[in-house]
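Q:
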Amino acid sequence: GVPIANRAQHTVELAPASTLVLYTDGLIERRSEPIDAGLQRLASAIDEGPGDNCDRLCALLLDRCMRDAPRKDDTAIICAVIDPGGPSK
29 GVPIANRAQH TVELAPASTL VLYTDGLIER RSEPIDAGLQ RLASAIDEGP
79 GDNCDRLCAL LLDRCMRDAP RKDDTAIICA VIDPGGPSK
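Numbering-wise (the working numbering), the sequence shown opens with residue 29 and increments by one.
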């Protein structure tokens, strides 16, 4: 049979007004540089970006992270802003 991959499951509680960014490796990986350079570029762009506007943040991330990058890998970004008002009571 085909081996089944073990996967870890984690739960993280996000504070109200947090911004969650999920991305594929095409956003940060470059053959010509260490992975840490791509992660630093992403972190800097997130820090500078509008944390309350997903459309603008995704556009900024694509601009900063894909500028001058060869388009050899698919890239996807998902962004969500956690309700600033917190959970309903």
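Where is the CB? At the ideal position from N, CA and C, for every residue including glycine. Only a predicted model underlies this, so the values are computations on that prediction, with no experimental measurement involved.
1. Between the region 41-56 and the region 92-104, do at least 3 Cβ pairs fall closer than 8 Å?
2. The beta strand (DSSP E) spanning Ala23 covers which residue range?
3. How far does the beta strand (DSSP E) with Ile105 in it reach, from first residue to last?
4. Suppose you measure from the CA of Met94 to the CA of Pro78; what does that come to, to the nearest Å?
5. Exposed or buried, what is Leu89 when buried is set at 16 or more other beta-carbons lying within 10 Å of its beta-carbon?
6. Whose C-alpha, out of Asp64, Val49, Ser60, is nearest the C-alpha of Asp75?
7. Which whole-angstrom value describes the C-beta separation of Pro44 and Gly113, a residue pair presumed to lie in contact below a C-beta threshold of 8 Å?
8. Give, in chain order, every unbroken run of the alpha helix (DSSP H) that is at least 4 residues long and sits entirely within the region 58-100.
9. Check whether the Cβ atoms of Cys82 and Ala108 sit closer than 8 Å, and answer yes or no.
A: So, to answer that:
1. By the Cβ test, the region 41-56 is in contact with the region 92-104, since at least three Cβ pairs between them sit closer than 8 Å.
2. Only positions 29 to 117 of the chain appear in this structure, which leaves residue 23 out of reach.
3. To locate residue 105, count along the sequence shown from 1; it is residue 77. For Ile105, the uninterrupted beta strand (DSSP E) segment begins and ends at 105-109.
4. If you number the sequence shown from 1, residue 94 lands on position 66. If you number the sequence shown from 1, residue 78 lands on position 50. In this structure, the straight-line span from the alpha carbon of Met94 to that of Pro78 is close to 18 Å.
5. One-based indexing of the sequence shown puts residue 89 at position 61. With 16 or more other Cβ atoms inside 10 Å of its own Cβ, Leu89 counts as buried.
6. On the sequence shown, position 47 is the one that residue 75 refers to. The candidate whose alpha carbon is nearest that of Asp75 is Val49.
7. In the sequence shown, the residue the question calls residue 44 occupies position 16. In the sequence shown, the residue the question calls residue 113 occupies position 85. In this structure Pro44 is in contact with Gly113, their Cβ atoms being roughly 7 Å apart against a cut-off of 8 Å.
8. Considered as a whole, the region 58-100 harbours 63-76, 82-94 as its complete alpha helix (DSSP H) runs of no fewer than 4 residues, in chain order.
9. Along the sequence shown, read from residue 1 onward, the residue named residue 82 stands at position 54. Along the sequence shown, read from residue 1 onward, the residue named residue 108 stands at position 80. In this structure, Ala108 lies closer than 8 Å to Cys82 by Cβ.
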